[in-house]
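See below for the structure under consideration.
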Amino acid sequence: MARGATGASAPDSWTFFSAPQLHPPKLRVLVRRPGLAQGYFMLGDRPNGHQPGSASQGGPELMDTQANPVWFLASSRDTYDLQQETYQGKPVLLWYQGPPESGQPAVTVQPVCATENG
1 MARGATGASA
11 PDSWTFFSAP
21 QLHPPKLRVL
31 VRRPGLAQGY
41 FMLGDRPNGH
51 QPGSASQGGP
61 ELMDTQANPV
71 WFLASSRDTY
81 DLQQETYQGK
91 PVLLWYQGPP
101 ESGQPAVTVQ
111 PVCATENG
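At position 34 of the sequence shown (counting the first as 1) the number is 34 in my numbering, and the numbers step up by one without a gap.
What follows is the structure in structure tokens.
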């Protein structure tokens, strides 16, 4: 389980010299349980959904088991149901964007590329 970092001493979002326009939410692991599968966590997040006035951006994200971002794509729309799929024989990430209550969210497909970092 992870939760957005809070408190005056901890910023609520990551900042990168290599990509200063990206600010994924900074999360922390609250509970570690044995038997966790290897690999990355996939999550979709709401823009500024953590706290009012938050600098963190929403969007699809991959994190490692220490809650460090591995891949992130900023989005101003709600992002949910991030999945790994295969399209035309190649791995892709698939997610929905838009308010879930609208009934017509946009489906986004992103090719998985080891050299692209968001």
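Quick reminder that beta carbons are idealized off the backbone N, C-alpha and C, glycines included.
- Contact check between the region 60 to 70 and the region 18 to 36: three or more CB pairs, one atom from each, fall below 8 Å, which counts as touching.
- Boundaries of the beta strand (DSSP E) harbouring F72: 69 to 72, taken from the DSSP string.
- In this structure, the beta-carbon distance from E61 to P91 does not fall below 9 Å.
- Residue pairing for Y80: DSSP places it in a beta bridge opposite Y96.
- Excluding sequence positions up to five before and after P99, its CB lies within less than 7 Å of the CB of D78, all in the same chain and listed in chain order.
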